[in-house]
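Those protein sequences? They're chains A and B, same order as listed.
To convert, note that position 82 of the first sequence is 105 in the working numbering; the numbers rise steadily by one, no gaps.
To convert, note that position 13 of the second sequence is 88 in the working numbering; the numbers rise steadily by one, no gaps.
Data first, discussion second: the structure below is written as structure tokens.
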Amino acid sequence: DAKTTQPNSMESNEEEPVHLPCNHSTISGTDYIHWYRQLPSQGPEYVIHGLTSNVNNRMASLAIAEDRKSSTLILHRATLRDAAVYYCILRLYGGSQGNLIFGKGTKLSVKP
Amino acid sequence: SQTIHQWPATLVQPVGSPLSLECTVEGTSNPNLYWYRQAAGRGLQLLFYSVGIGQISSEVPQNLSASRPQDRQFILSSKKLLLSDSGFYLCAWSVLAENTEAFFGQGTRLTVV
């Protein structure tokens with residue numbers, strides 16, 4: 024049972040920024056927000072994660088709303104290789120629960 | 076560095092035949108291990124996860140079972156495959172912490188005919 028909501032699909036033009044939204048209104052105070060992406064016929068790969076503050080890494084930026092009920096993954100300049108399904112998931116506090124639940128994700132198409 | 080091995084990459088099996096998919100992890104100890112299935116055009120469905128040797132949690136009742144005979148080995152099995160078992164099977168591992176990433180294998184594409 025995924026606890027996040029994402030649009031089914033989005034389109035972007037190459038070299039333009041992309042903002043991928045995610046709603047997680049039932050997030051608990053200590054749940055981490057993780058993003059993964061899955062290229063065709065491959066396993067998912069980690070993109071970024073955060074708790075409260077915005078985060079940046081070489082792949083993307085993560086903007087987290089002040090109330091933590093939503094977040095946005097930002098690809099600063101989309102390339103054709105960024106076309107993938109992007110998953111926003113909550114990593115439940117108390118890792119002993121073990122589970123890592125994915126929703127349906129957002130399929131990002133990038134047009135040249 | 077840590078790596079995850081999953082094999083075979085592709086598999087075609089007849090209905091009613093058994094299944095055994097193996098996943099091994101290197102470079103870490105006592106990882107959480109996961110099996111997922113992805114049907115064509117669908118999202119990732121968590122099938123099983125394990126927090127230790129011999130400890131298996133099933134997320135979805137089905138025709139499959141999982142075992143963890145060693146710390147870094149996770150096996151997905153079936154006694155008799157169904158057509159509906161076709162899909163892309165992925166193994167993953169992570170450490171026992173919510174602020175760390177999970178790592179996925181390259182997957183096994185299973186076609187039951």
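For every residue, glycine included, the Cβ atom is placed at its ideal position computed from N, Cα and C.
Assigned exposure category for residue i - 16 Cβ within 10 Å defines buried
i                      : result
residue 105 of chain A : buried
residue 78 of chain B  : exposed
residue 41 of chain A  : buried
residue 138 of chain B : exposed
residue 81 of chain A  : exposed
residue 67 of chain A  : buried
residue 130 of chain B : exposed
residue 185 of chain B : buried
residue 24 of chain A  : Only weak support is given to the placement of residue 24 of chain A: the predicted model assigns it a pLDDT of 45, under 50, and the value that follows is read from those uncertain coordinates. Counting Cβ neighbours within 10 Å, residue 24 of chain A comes out exposed, since fewer than 16 surround it.
residue 115 of chain B : exposed
residue 85 of chain B  : exposed
residue 95 of chain B  : exposed
DSSP beta-bridge partners of residue i
i                      : result
residue 36 of chain A  : A:134
residue 103 of chain A : None; residue 103 of chain A has no bridge partner.
residue 108 of chain A : A:61, A:130
residue 153 of chain B : B:94
residue 167 of chain B : B:109, B:179
residue 184 of chain B : B:85, B:163
Nearest neighbour of residue i, chosen from the options [CA to CA]
i                      : options                    : result
residue 70 of chain A  : B:110, B:174, B:103, B:123 : B:174
residue 26 of chain A  : A:125, A:133, A:89, A:40   : A:125
residue 92 of chain A  : A:32, A:51, A:66, A:37     : A:51
residue 125 of chain B : B:112, B:188, B:143, B:90  : B:143
residue 54 of chain A  : A:31, A:77, A:107, A:112   : A:112
residue 30 of chain A  : A:133, A:115, A:108        : A:108
residue 161 of chain B : B:130, B:88, B:178, B:97   : B:88
residue 150 of chain B : B:90, B:116, B:183, B:102  : B:183
residue 34 of chain A  : A:101, A:127, A:114        : A:101
residue 98 of chain A  : A:78, A:65, A:88           : A:78
residue 76 of chain B  : B:109, B:134, B:104, B:119 : B:104
residue 56 of chain A  : A:28, A:38, A:63, A:132    : A:28
residue 12 of chain A  : A:38, A:43, A:36, A:63     : It is not possible to answer for residue 12 of chain A, since the shown part of chain A is limited to 24 through 135.
residue 120 of chain B : A:110, A:130, A:48         : A:110
residue 90 of chain A  : A:83, A:74, A:96           : A:74
residue 107 of chain B : B:179, B:168, B:188, B:180 : B:168
residue 48 of chain A  : A:62, A:94, A:60, A:129    : A:94
residue 128 of chain A : A:115, A:59, A:83, A:85    : A:59
residue 90 of chain B  : B:176, B:156, B:165, B:163 : B:156
Opening and closing residue of the beta strand (DSSP E) in which residue i lies
i                      : result
residue 127 of chain B : 120 to 127
residue 44 of chain A  : 41 to 46
residue 131 of chain B : 130 to 133
residue 125 of chain A : Careful: residue 125 of chain A lies outside any beta strand (DSSP E) and carries neither H nor E.
residue 107 of chain B : 107 to 113
residue 116 of chain B : That residue, residue 116 of chain B, is in no beta strand (DSSP E); it is neither H nor E in DSSP.
residue 30 of chain A  : Segment: none, residue 30 of chain A is in no beta strand (DSSP E) and carries neither H nor E.
residue 50 of chain A  : No beta strand (DSSP E) holds residue 50 of chain A; DSSP gives it neither H nor E.
residue 141 of chain B : 140 to 145
residue 88 of chain B  : 85 to 88
residue 84 of chain A  : 84 to 87
residue 102 of chain B : Here residue 102 of chain B belongs to no beta strand (DSSP E), and DSSP marks it neither H nor E.
residue 75 of chain A  : Neither: residue 75 of chain A is in no beta strand (DSSP E) and is coded neither H nor E.
heavy atom of the ligand FAD below 8 Å from residue i C-beta
i                     : result
residue 92 of chain A : Summarising the ligand content, the structure contains no ligands, and the ligand FAD is consequently not present.
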